[in-house]
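Notes follow once the structure below has been shown.
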Amino acid sequence: MADQKKVILSGSTVTGDLTLGNYIGAMNNWKSLQEQYNCYYFIADLHALTVAQDPKQLKERCFSFFAQYLALGLDPKENTIFVQSHIHEHAELSWILTCLTPMGYLNRMTQFKEKSQKHVKNINAGLFTYPVLMAADILLYQADLVPVGEDQRQHMELCRDIVTFFDNRYGEGKIKMPEAYIGKQGARVMALQDPSKKMSKSDDNEKNFVSIIDTPKKIQKKIKSAQTDSDTVVTFDKEAKPGLANLLTIYSVLSEQPIDKIVAQYEGKMYGHLKVDLADLVVETLNPIREKYEDLMNDKAYLEDLMEQGAIKARERARDTLKLVYETTGLIYRR
Ligand code: TYM
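In terms of our numbering, the sequence shown is residues 26 to 360.
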């Protein structure tokens, strides 16, 4: 039976380029789950519209993100990889769920508060209802698990609340209650120049993030100039040495070594030594990804073909859920 494996779903919003934070907090886990689960990974282009986008750039970025997913090692044969806007059911389910979601719940979302501070001139309703669209993304595929970074925890809780609202109104058992899957380590990679905030692909200061397709020279420069403190002894202390703790976390995830062991290796050495080695490790990890990405971007027809195949597979599951939701809510379903 097709459905014996549990279903995983996750996505990333099409802004900037994927960062080391996305890789460590999310995609690295996605890759390791692809054999065990029935995985749906999509690029969230509708979510990107909540901030002003240049149409040409958005289109190019959709291809770029798709290529980045593939370059990261997501196998289009093992996974269903697709573009959100290609499946119109996302928007339809989102509307139905919007009508079940109290404004008060959306008002509490910290990401909405942060984003409305950042985009004061464009606080649109989409920015406010963004988490409902995210819930629709997940529930449409009846996902069991959603691998995300720590910053999406609140949105995941809201998604679970929305399932409860649906159950309370229409009866239980129609929509699966999903769970967040948040890695133990690296679930929150911090900005390189300001370790009090998360590394974000939409950061205005490029020095705050390493993009997964940065050149080796850029990577070296960004890691070496990462903000640390004025002490010299390498120890892991998130409170007193947040910048260093961030670098150690990245080191640990990429090298698959426990932090203690890394700290021991740098006994008697300076922060600079650690930064040089970490920069080499990041380059070594990301170089093959960038090379594969560049190859893929030279063949848009191939990417378009894969997008189409992904959409065909995704649509099948999305339709089944939407049909069930239409029937449950009293709407007349038509293909
Ligand atoms: P996005 O595009 O901001 O991030 C994609 C994934 O990367 C994780 N992440 C991080 N993890 C660790 N450290 C960081 N600094 C860091 N920055 C980002 C995010 O937690 C996320 O898992 N709303 C989502 C996209 C989305 C989605 C969905 C995700 C839309 N619908 C349905 C899951 C399920 C977003 O903007 O992620």
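Note that CB positions come from ideal geometry on N, CA and C, so glycine has one too.
* By DSSP, does residue 44 sit in helix, in strand, or in coil? -> strand
* Does the distance from the CB of residue 179 to the CB of residue 134 come in under 8 Å? -> yes
* Within the stretch 206-286, note down every full alpha helix (DSSP H) run reaching 4 residues or more, in order along the chain. => 241-249, 267-280
* Which term fits residue 115, buried or exposed, when burial requires 16 or more other beta carbons within 10 angstroms of its beta carbon? -> buried
* Asked: Going by DSSP, what residues sit across from residue 170 in a beta bridge?
  -> 33, 204
* Measure the C-alpha to C-alpha separation of residue 234 and residue 148 and round it to an integer number of angstroms. => 25 Å
* To do: Please determine, among 75, 318, 344, 69, the residue with the shortest C-alpha to C-alpha distance to residue 146.
  => 75
* Name, in chain order, the residues that DSSP records as bridge partners for residue 107. => 67
* State the DSSP-derived secondary structure class of residue 126, mapped to helix, strand or coil. => coil
* From residue 57 to residue 33, what does the alpha carbon distance come to, in whole angstroms? -> 12 Å
* Who are residue 135's beta bridge partners in DSSP? -> Answer is none; residue 135 lacks a bridge partner.
* Asked: By the 10 Å Cβ neighbour count, where 16 or more other Cβ atoms means buried, how is residue 157 classified, buried or exposed?
  -> buried
* Any heavy atom of the ligand TYM closer than 7 Å to the CB of residue 210? -> no
* Proximity to residue 199 [Cα-Cα], best of 316, 273, 351, 278 -> 351
* To do: Please go through the same chain and pick out, in chain order, the residues whose beta-carbon is closer than 6 Å to the beta-carbon of residue 237, but skip the five residues on each side of it.
  => 43, 48, 311, 314
* Simplified DSSP assignment, three categories, for residue 75 -> coil
* Asked: Measuring CA to CA, which of 251, 40, 164, 143 is closest to residue 191?
  -> 164
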